[in-house]
Amino acid sequence: MKKIILLSALICLLQPETVFGQRAIRTAANFLSIAPDARASGMGDVGAATSADANSQHWNVAKYIFAESNSGISLSYTPWMRHYVNDINLGYLSGYYKFDENQSVSASLRFLSSGNVYVRNDFEQLQLSNNANELAFDLGYSRRLSDKFSAGIELRYIRTVKGAEQGAALFASGFAGDIALYYQSPMVMLNNPTTLAFGLNISNIGTKIRNSNNGSYFLPTNLRLGGSIAMNIKTHHQLTVAADINKLMVPSPTVSEDGTTVNSNADKSMLGGLFSSFGDADGGLREELKEIAAGIGIEYKYLKTFAVRGGCFYEDTQKGMRRYFTFGGGYSFKMITLDISYLSTYSGVNHPLDNTFRLTLSVNLGKL
Numbered sequence: 514m515k516k517i518i519l520l521s522a523l524i525c526l527l528q529p530e531t532v533f534g535q536r537a538i539r540t541a542a543n544f545l546s547i548a549p550d551a552r553a554s555g556m557g558d559v560g561a562a563t564s565a566d567a568n569s570q571h572w573n574v575a576k577y578i579f580a581e582s583n584s585g586i587s588l589s590y591t592p593w594m595r596h597y598v599n600d601i602n603l604g605y606l607s608g609y610y611k612f613d614e615n616q617s618v619s620a621s622l623r624f625l626s627s628g629n630v631y632v633r634n635d636f637e638q639l640q641l642s643n644n645a646n647e648l649a650f651d652l653g654y655s656r657r658l659s660d661k662f663s664a665g666i667e668l669r670y671i672r673t674v675k676g677a678e679q680g681a682a683l684f685a686s687g688f689a690g691d692i693a694l695y696y697q698s699p700m701v702m703l704n705n706p707t708t709l710a711f712g713l714n715i716s717n718i719g720t721k722i723r724n725s726n727n728g729s730y731f732l733p734t735n736l737r738l739g740g741s742i743a744m745n746i747k748t749h750h751q752l753t754v755a756a757d758i759n760k761l762m763v764p765s766p767t768v769s770e771d772g773t774t775v776n777s778n779a780d781k782s783m784l785g786g787l788f789s790s791f792g793d794a795d796g797g798l799r800e801e802l803k804e805i806a807a808g809i810g811i812e813y814k815y816l817k818t819f820a821v822r823g824g825c826f827y828e829d830t831q832k833g834m835r836r837y838f839t840f841g842g843g844y845s846f847k848m849i850t851l852d853i854s855y856l857s858t859y860s861g862v863n864h865p866l867d868n869t870f871r872l873t874l875s876v877n878l879g880k881l
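In the numbering used here, the protein residues as written are 514 to 881.
Pasting the structure below:
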């Protein structure tokens, strides 16, 4: 019985209407917001302005123009919410190719397998539903606009399958896109060559997801803004400090004094939801500021071979309560890089994300 209760609670994370806190914003296809790779997740889920790698497709597609290699591919694996269940897994395959110094193309495939889950039928009864999964396929293009500035776009197909009912699959699908900007400039700090970078990524701008009951829900459209400083110290050492802030560009629900949702504002149009998301919270500016989540991370590399990482992520208790420290490391040998990360929460509750680890294997195809 305990397992049924846990699974029925966790399925809320996979349903179109997801609630993480008393006044949390509700969206569909929340797997799109999960950090897919071990490098960025080891730095507190920071990636808008860090140096480009094969996983930049998720964080900022415009970074590919400034990648040191002309091509690369990466495969990541995450046992998701393993603190509670053992059959939810996230896989992420990403790669890019630079035609020249001015243009690049990229693609990625994200797949979340939810295993066997319990869902409620029309009579509010729990029933086992298998083969639940979510999938997203992306195509990206980026272009250099100047020596220090680049831009990129992505197109995304999304498909969610909640399982099977009487032999028929219950699924929904939609389309979305990303718009990204990236700026980096060389400078000198403490007599060491340094790179200053800024990045902006607006992700998951797209159609609403409709479920089998004809309800429609916004995608997790997110505004990510970040900066980083990477300092090369005496040739062999590199130290990077980076930070991101995030704001969901989705309408805030109207909540009564007792915490009951009065109106989810799901009837707004896609564009109406984007623009109203900066000023529609019940609590005014004070609550709008609570909807901003932040991450900060640090990375140390020795001889571009060994890497040690750490970071912290913060989100308000009423908006999701994702609060955790992250740790990670990496090792590169010739054209192969292996990264690993670990997440430990500090929210003070038994959080489902606690003890999450990620593993990423990257191949620098340019060295072929």
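Don't be surprised by glycine CBs; every beta carbon is placed ideally from N, CA and C.
**Message:** Please give the ranges of any beta strand (DSSP E) in the region 561-600, keeping only runs that are unbroken, at least 3 residues long and fully inside the region.
**Reply:** 584-592
**Prompt:** Do Ser663 and Ala575 come within 9 Å of each other at the CB atom, strictly closer than that value?
**Reply:** As a first step, residue 575 is located in the sequence shown; it is residue number 62 there, counting from the start. As a first step, residue 663 is located in the sequence shown; it is residue number 150 there, counting from the start. In contact: Ala575 and Ser663 (Cβ atoms closer than 9 Å).
**Request:** Starting from the C-beta of Asn646, find all residues in its chain whose C-beta is less than 7 Å away, skip the five residues before and the five after it, and write them out in chain order.
**Result:** The residue you call residue 646 lines up with position 133 of the sequence shown. So the list reads Phe624, Leu625, Ser626, Ser627, Val674, once near-sequence residues are dropped.
**Helix, strand or coil at Thr869 according to DSSP, with G and I counted as helix** = Taking the first residue of the sequence shown as position 1, residue 869 is located at position 356. In the structure shown, Thr869 sits in a strand (DSSP, three-state: E or B).
**Prompt:** Which value, in whole angstroms, describes the spacing of the CA atoms of Thr708 and Gly604?
**Reply:** Here the question's residue 708 lines up with position 195 in the sequence shown. Here the question's residue 604 lines up with position 91 in the sequence shown. Taking the straight line joining both Cα atoms gives about 32 Å.
**Request:** May I have the straight-line CA-CA distance separating Asn568 from Asp651, to the nearest angstrom?
**Result:** Taking the first residue of the sequence shown as 1, we reach residue 568 at position 55. Taking the first residue of the sequence shown as 1, we reach residue 651 at position 138. Roughly 12 Å between the two C-alpha positions.
**Asked** Alpha carbon to alpha carbon, how far is Arg723 from Tyr813?
**Response** The residue given as residue 723 occupies position 210 in the sequence shown. The residue given as residue 813 occupies position 300 in the sequence shown. Rounded to whole angstroms, Arg723 to Tyr813 spans 44 Å at the Cα level.
**Request:** Return helix, strand or coil for Leu878, following the three-state DSSP convention.
**Result:** Locating residue 878 in the sequence shown gives position 365, counting from the first residue. Leu878 falls in the helix class under three-state DSSP.
**Asked** Under the rule that 16 or more other beta-carbon atoms within 10 Å means buried, what is Asn759, buried or exposed?
**Response** For the purposes of this step, residue 759 is identified with residue 246 of the sequence shown, where counting begins at 1. Buried, since its Cβ has 16 or more Cβ neighbours within 10 Å.
**Request:** Sort Ser875, Ser857, Leu874, Pro764 by Cα distance to Asp867 and report the nearest one.
**Result:** Locating residue 867 in the sequence shown gives position 354, where the first residue counts as 1. Ser857 is the residue among Ser875, Ser857, Leu874, Pro764 whose C-alpha sits nearest the C-alpha of Asp867.
**Item:** First through last residue of the beta strand (DSSP E) which encompasses Glu812
**Value:** Sequence index remark: in the sequence shown, residue 812 carries index 299 (1-based). Glu812 -> beta strand (DSSP E) spans 805-815.
**Message:** Taking its Cβ as the centre, do 16 or more other Cβ atoms sit within 10 Å of His749, making it buried, or is it exposed?
**Reply:** Locating residue 749 in the sequence shown gives position 236, where the first residue counts as 1. Flag for His749 reads exposed.
**Asked** What does a CB cutoff of less than 7 Å around His864 pick up in its chain, not counting 5 residues either side in sequence?
**Response** The sequence position of residue 864 within the sequence shown is 351, counting from 1. These residues qualify, in order along the chain: Thr858.
**Item:** Whole-angstrom distance between Leu851 and Ser587, CA atom to CA atom
**Value:** Residue numbering aside, residue 587 sits at position 74 when the sequence shown is read from its first letter. Residue numbering aside, residue 851 sits at position 338 when the sequence shown is read from its first letter. So the two alpha carbons sit approximately 10 Å from each other.
**Request:** Could you round the C-beta distance between Ser716 and Asn735 to whole angstroms and report it? I think they count as a contact, below 8 Å.
**Result:** On the sequence shown, residue 716 is found 203 positions in, with the first residue counted as 1. On the sequence shown, residue 735 is found 222 positions in, with the first residue counted as 1. Yes, they are in contact, since the Cβ atoms of Ser716 and Asn735 sit about 5 Å apart, within 8 Å.
**Request:** Tell me whether Met614 sits in a helix, a strand or coil according to DSSP, three-state version.
**Result:** Residue mapping note: residue 614 aligns to position 101 of the sequence shown, counting from 1. Residue 614 is actually Glu in this sequence, not Met. In this structure, Glu614 counts as coil in the three-state DSSP scheme.
**Item:** Bounding residues of the beta strand (DSSP E) (the contiguous stretch that carries Phe826)
**Value:** Looking up residue 826 in the sequence shown gives position 313. In the DSSP annotation of this structure, the continuous segment of the beta strand (DSSP E) that includes Phe826 starts and ends at 819-827.
**Item:** Contacting residues, own chain, Cβ-Cβ under 7 Å from Thr531 (five flanking each side not counted)
**Value:** Mapped onto the sequence shown, residue 531 falls at position 18. Note that Thr531 scores a pLDDT of 37, beneath 50, so its modelled location is shaky; the value from the coordinates is reported in the next line. Cys525, Arg539, Thr540, Asn543, listed in sequence order.
**Request:** Report yes or no: do the region 837-856 and the region 551-561 share at least 3 C-beta pairs separated by less than 8 Å?
**Result:** yes
**Prompt:** Looking at the unbroken beta strand (DSSP E) that takes in Met556, where does it start and where does it end?
**Reply:** By 1-based counting over the sequence shown, the position of residue 556 is 43. No beta strand (DSSP E) holds Met556; DSSP gives it neither H nor E.
**Message:** What residue range does the beta strand (DSSP E) around Phe791 cover?
**Reply:** Indexing the sequence shown from 1 puts residue 791 at position 278. Per DSSP, Phe791 belongs to no beta strand (DSSP E) and is neither H nor E.
**Message:** In whole angstroms, give me the CA-to-CA distance for Ser875 and Glu667.
**Reply:** As a first step, residue 875 must be located in the sequence shown, where it is residue number 362. As a first step, residue 667 must be located in the sequence shown, where it is residue number 154. Roughly 21 Å between the two C-alpha positions.
**Beta-carbon spacing of Phe688, Gly665 below 9 Å** = If you number the sequence shown from 1, residue 688 lands on position 175. If you number the sequence shown from 1, residue 665 lands on position 152. Against a cut-off of 9 Å, the Cβ pair of Gly665 and Phe688 comes out as no contact.
**Request:** Would you kindly work out how many angstroms separate the C-alpha atoms of His596 and Asn602, rounded to a whole number?
**Result:** Numbered from its first residue, the sequence shown carries residue 596 at position 83. Numbered from its first residue, the sequence shown carries residue 602 at position 89. Going from the Cα of His596 to the Cα of Asn602 covers about 12 Å.
**Message:** By the three-class DSSP mapping on this structure, what secondary structure does Met783 have?
**Reply:** Indexing the sequence shown from 1 puts residue 783 at position 270. Three-state DSSP puts Met783 in a helix.
**Prompt:** Any idea if Arg799 is buried or exposed, counting beta-carbon neighbours within 10 angstroms, 16 or more meaning buried?
**Reply:** Within the sequence shown, residue 799 is the residue found at index 286, counting from 1. The residue in question, Arg799, is exposed, as its Cβ has fewer than 16 Cβ neighbours within 10 Å.
**Prompt:** The beta strand (DSSP E) spanning Arg737 covers which residue range?
**Reply:** Counting from one through the sequence shown, the residue named residue 737 turns up at place 224. Taken as a continuous stretch (DSSP letters only), the beta strand (DSSP E) holding Arg737 covers 735-746.
**Message:** For a quick check, are the C-beta atoms of Arg871 and Pro549 less than 9 Å apart?
**Reply:** On the sequence shown, position 358 is the one that residue 871 refers to. On the sequence shown, position 36 is the one that residue 549 refers to. A contact, by the Cβ cut-off of 9 Å.
**Request:** Give the DSSP-derived three-state secondary structure of Gly690 in the structure shown.
**Result:** In the sequence shown, the residue the question calls residue 690 occupies position 177. Three-state DSSP puts Gly690 in a strand.
**Request:** Would you mind sorting Met594 into buried or exposed? The rule is 16 or more other CB atoms within 10 Å of its CB.
**Result:** Sequence index remark: in the sequence shown, residue 594 carries index 81 (1-based). Buried.
**Asked** How would you call Asn599, buried or exposed, if buried means at least 16 neighbouring beta carbons within 10 angstroms?
**Response** Here residue 599 refers to the residue found at position 86 when the sequence shown is read from its first residue. When all chains shown are included, Asn599 counts as exposed.
**Asked** Sorted by chain position, which residues of the same chain lie with C-beta nearer than 7 Å to Arg657's C-beta, five sequence neighbours on each side aside?
**Response** Taking the first residue of the sequence shown as 1, we reach residue 657 at position 144. Within the same chain, Arg657 has close Cβ partners Ile578, Glu614, Asn615, Ser663.
**Request:** Grab the span of the beta strand (DSSP E) containing Leu713 for me, first residue to last.
**Result:** Taking the first residue of the sequence shown as position 1, residue 713 is located at position 200. Its beta strand (DSSP E) spans residues 705-719.
**Simplified DSSP state of Ser546, which is helix, strand or coil** = By one-based count along the sequence shown, residue 546 stands at place 33. Ser546 falls in the helix class under three-state DSSP.
**Message:** Buried or exposed, going by whether 16 or more other CB atoms sit within 10 Å of the CB of Met700?
**Reply:** Along the sequence shown, one-based indexing puts residue 700 at 187. The residue is exposed, with fewer than 16 neighbouring Cβ atoms inside 10 Å.
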